[in-house]
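Visitor:
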Amino acid sequence: MKREWAPAALALRDAVRAVLADHGGVEIARSAEERPRVRGDDLRPALESVGVLDLDPLGDAEESEAAMLAVRACGAVVAPWPLARALSVPVEWRARCQAIYVVDGPVSHLDHADLFESAGAVPLGGDPLPRAVAPTGSRSRAPLDPFGVPVELRGPAGAAALPDRALLMSFVLDGFWVAGALETVALQAAGYAGTRRQFGRPIGRFGEIRWRLADIAVAMDGLDELATYTWFQVHRGRATLADALALRLGMLEAADSVLRHAHQVFGAIGLCEEHDLTVLDRHLAPVLLRPASLSRTRSLLLEAVNRHGFRGTFDVPRR
1 MKREWAPAAL ALRDAVRAVL ADHGGVEIAR SAEERPRVRG DDLRPALESV GVLDLDPLGD
61 AEESEAAMLA VRACGAVVAP WPLARALSVP VEWRARCQAI YVVDGPVSHL DHADLFESAG
121 AVPLGGDPLP RAVAPTGSRS RAPLDPFGVP VELRGPAGAA ALPDRALLMS FVLDGFWVAG
181 ALETVALQAA GYAGTRRQFG RPIGRFGEIR WRLADIAVAM DGLDELATYT WFQVHRGRAT
241 LADALALRLG MLEAADSVLR HAHQVFGAIG LCEEHDLTVL DRHLAPVLLR PASLSRTRSL
301 LLEAVNRHGF RGTFDVPRR
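Quick note on numbering: UniProt numbering labels position 1 of the sequence shown as 1, and the sequence is numbered without any gaps.
(1) Which value, in whole angstroms, describes the spacing of the CA atoms of residue 173 and residue 56?
(2) Would you check if the distance between the CB atom of residue 184 and the CB atom of residue 262 is smaller than 8 Å?
(3) From residue 89 to residue 10, what distance separates their C-alpha atoms?
(4) Excluding the five sequence neighbours on either side, which residues of its own chain have a C-beta within less than 6 Å of the C-beta of residue 145, listed in chain order?
(5) Would you mind giving the Cβ-Cβ distance between residue 53 and residue 86, rounded to the nearest angstrom? I have them listed as a contact below 8 Å.
(6) To the nearest angstrom, how far is it from the Cα of residue 257 to the Cα of residue 221?
(7) According to DSSP, simplified to helix, strand and coil, what is residue 265?
(8) Buried or exposed: where does residue 93 fall if 16 or more other Cβ atoms within 10 Å of its Cβ makes it buried?
(9) How is the alpha helix (DSSP H) around residue 209 delimited, first residue to last?
(10) To which residues of the same chain is residue 112 closer than 6 Å at the C-beta, ignoring the five residues directly before and after it?
(11) Would you list the residues sitting across from residue 198 in a DSSP beta bridge?
(12) Where does residue 324 fall in DSSP's three states?
(13) Is the region 213–230 in contact with the region 277–294, if contact means three or more CB pairs nearer than 8 Å?
(14) To which residues of the same chain is residue 255 closer than 7 Å at the C-beta, ignoring the five residues directly before and after it?
(15) Are at least three pairs of beta-carbons, each pair with one atom in the region 40–52 and one in the region 297–306, less than 8 Å apart?
(16) Pull up the CB-CB distance for residue 65 and residue 5, whole angstroms please, since I reckon it's below 8 Å.
(17) Between residue 245 and residue 300, is the Cβ-Cβ spacing less than 8 Å?
(18) First and last residue of the alpha helix (DSSP H) that includes residue 76?
(19) When the Cα atoms are used, what is the spatial distance from residue 277 to residue 319?
(20) Who are the near neighbours of residue 249 in its chain, counting only those whose CB is closer than 8 Å to its CB and skipping five residues on each side?
(21) Determine the extent of the alpha helix (DSSP H) in which residue 14 is found, giving its start and end residues.
(22) Taking just the CA atoms, how far does residue 99 sit from residue 34?
(23) Under 8 Å by Cβ, that's how I've got residue 223 and residue 190 pegged, so tell me the actual separation to the nearest angstrom.
(24) Go to residue 58, then tell me how far its alpha helix (DSSP H) extends in each direction, as first and last residue.
(25) Given a threshold of 16 other Cβ atoms within 10 Å of its Cβ, counted over all protein chains shown, does residue 7 qualify as buried or as exposed?
(26) Quick one: residues in its chain with C-beta nearer than 7 Å to the C-beta of residue 247, no 5 flanking neighbours on either side, listed in chain order?
(27) From what residue to what residue does the alpha helix (DSSP H) around residue 296 run?
(28) What span of residues does the alpha helix (DSSP H) with residue 48 cover, start to end?
(29) My output table needs one value for residue 178: the three-state DSSP class, helix, strand or coil.
Right, dumping it as structure tokens:
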């Protein structure tokens, strides 16, 4: 597997980072909760200015790499524009569909659904024909679902089924978005451990904090490696739903580890609304809960492995 990203992809990542930094970084997410128009009036034009919204994750290797790194850069500041949902739409569909959501079972809310005039929802393991997403009210502003919008799923959003690779790539995009957010959490935890002093020395010199930082690093590295490997497989048409769900399971477990240990490192300050860790944690919640929670993802993965088998260090045949 190729681990080095193309120079053009890295250049776009840096451009996205610069644009987001100019707009306040994590502060964009905080301000969008109070002024939701920020998403469409400020953030979308900023992303359009560097060409992010035109990327095709299923295009050539360089463009696909650029899409992954752009999504990761947006995740690093939990940018409140659903880039992963927009880029999940196959290029040939984008004139009539602006976003694709993957759902599992009955759906009551979808994040940022109010931003799109036309969006489709595809059930996991069901009919791949997208159903139209219709907002039925204003966003809920629930603490752990800050941009959740009540919706109902209606008739078919088109005549064509969503290609398998597009469905799988949706999971990969989520994996990179979460990896970006967790990297920010990890860097903040490490920085705080180096500057916060107790008993005359930085808390990062205490064993209790060191092993928490070590667990954060291991979880981060594991998610990075798994997301990159799954992207490699999906882009080349070698992956199945089992691979995508394995990535989601790894993503959920990594997020649980990183956030849990980071809150222990920060202590009470990490629970304050003024601290970025709280914003990152809250804005990660929707993607960690939808389309499936940790336990549900495990069940779906088992079903997918039985149906498709699983290629890995020790291959599992399908049953």
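Quick reminder that beta carbons are idealized off the backbone N, C-alpha and C, glycines included.
Guide: In short, the structure shows the following:
(1) 12 Å
(2) no
(3) The alpha-carbon atoms of residue 89 and residue 10 are separated by roughly 23 Å.
(4) 286
(5) 6 Å
(6) 12 Å
(7) helix
(8) By the neighbour-count definition (other C-beta atoms within 10 Å, threshold 16), residue 93 is a buried residue.
(9) 207–235
(10) 82 and 147
(11) 201
(12) The structure shown does not extend to residue 324, since the chain is modelled only from 1 through 319, so no value can be given for it.
(13) They do not touch, by the three-pair rule.
(14) 178, 182, 284 and 288
(15) At 8 Å Cβ cutoff, the stretches do not touch.
(16) 5 Å
(17) yes
(18) 61–76
(19) 43 Å
(20) 294, 297, 298 and 301
(21) 7–22 is the extent of the alpha helix (DSSP H) around residue 14.
(22) 24 Å
(23) Not confirmed; about 17 Å, so no contact.
(24) Here residue 58 belongs to no alpha helix (DSSP H), and DSSP marks it neither H nor E.
(25) exposed
(26) 171, 172, 175, 226, 227 and 230
(27) Taken as a continuous stretch (DSSP letters only), the alpha helix (DSSP H) holding residue 296 covers 294–308.
(28) 44–49
(29) helix
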